[in-house]
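Taking this note's numbering as reference, the numbering of the sequence shown is continuous, increasing by one, and the terminal residue is 156. Below: one structure, written as structure tokens.
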Amino acid sequence: MLERRSAGAVIFNDSIGDRYYLLLLYSAGHWDFPKGGIEEGETEVEAVVREVYEETGIREIELIDGFRQTIQYSYKSQQGEVRKSVVFYLAKTGTFDVRLSHEHKGYAWLKYEDAMDQLTYNTAKSVLRVANVFLNGLRRSIQEGQVRTLR
Ligand code: ATP
């Protein structure tokens with residue numbers, strides 16, 4: 006069994022009031038977050054920043070402290086069965102401009118409920134669910150003027 010590790014990001018933009026999440030349509034036909042293989046010698050965060058830029062053209066991201074979610078799945082590739090683990094970080098951006106690479110067929114900025122409907126896999130939906138609860142909690146504590154240590 007082949008093992009692969011990828012890293013990705015739940016990217017959101019709340020600069021116009023509502024919170025929008027960025028999803029990509031993969032060539033294989035599924036909707037997911039930007040992500041890709043962690044290269045030799047690269048940290049998870051370095052891989053996230055590189056993959057987000059390569060896949061979306063977005064350079065300006067701010068990683069949100071305290072969020073890190075890992076999912077696992079298996080699939081069959083031409084080289085055989087692959088067991089994959091993907092670690093997701095949470096990232097804020099102020100831009101809606103996306104420049105896709107050849108790896109993807111489309112993208113969408115969607116509000117939470119729509120993004121939940123659009124995501125193909127349940128594992129990705131769970132990551133989004135946790136991210137949204139996390140961000141709601143963060144917003145509440147900012148509104149209430151609490152200073153919270155997130156880690
Ligand atoms: P990466 O973006 O990490 O470089 P990739 O584009 O090569 O990866 P994946 O997105 O991992 O490939 O997709 C490989 C296969 O796994 C596809 O058949 C896809 O449908 C399936 N797959 C992708 N995400 C999931 C998931 N969360 N759960 C189950 N199967 C998935």
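Ideal placement from N, C-alpha and C gives every residue a C-beta, glycine not left out. No experiment lies behind these values; they were computed from the predicted model shown.
Tell me His107's beta-bridge partners as DSSP assigns them. According to DSSP, His107 bridges with nothing at all.
Taking Arg104 as the reference, give the member of Arg88, Thr61, Arg134 and Val135 with the closest Cα. Thr61
Am I right that Ala96 and Glu67 are in contact with their C-beta atoms under 8 Å? What's the rounded C-beta distance? 7 Å
Can you check which of these residues, Ser146, Lys81 and Asp102, is closest to Leu7 by C-alpha distance? Lys81
What do you reckon, is the C-beta of Glu108 under 8 Å from a heavy atom of the ligand ATP? yes
Distance between Pro39 and Ala33 (C-alpha atoms, nearest Å): 14 Å
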